[in-house]
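Below is one structure, written out as structure tokens, with a few remarks after it.
Structure follows, in structure tokens:
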């Protein structure tokens, strides 16, 4: 990892390609994206009919 970083000119930032060649750092980046994804929210399926705020959300709704 140090070899890749040292090969960059001073002041040049690391690219995704650089990070992908740094095995440990790449795994840390992937784990960070897994734990804190850049997209908020996920699609879930309603398991049973529920009422929320006066509205009925039917079972199976996504």
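Numbering (my numbering), first residue to last: 2 to 63. Even for Gly, the Cβ is constructed at its ideal location relative to N, Cα and C.
Using the Cα positions of residue i and residue j, report the straight-line distance between them to the nearest angstrom.
i          : j          : result
residue 40 : residue 10 : 33 Å
residue 46 : residue 33 : 25 Å
residue 63 : residue 44 : 6 Å
residue 30 : residue 19 : 12 Å
Starting from the N-terminal side, write out each stretch of the beta strand (DSSP E) that is 3 residues or longer and does not extend beyond the stretch 14-57.
-> The beta strand (DSSP E) runs lying completely inside the stretch 14-57 and spanning 3 residues or more are 51-53, given in chain order.
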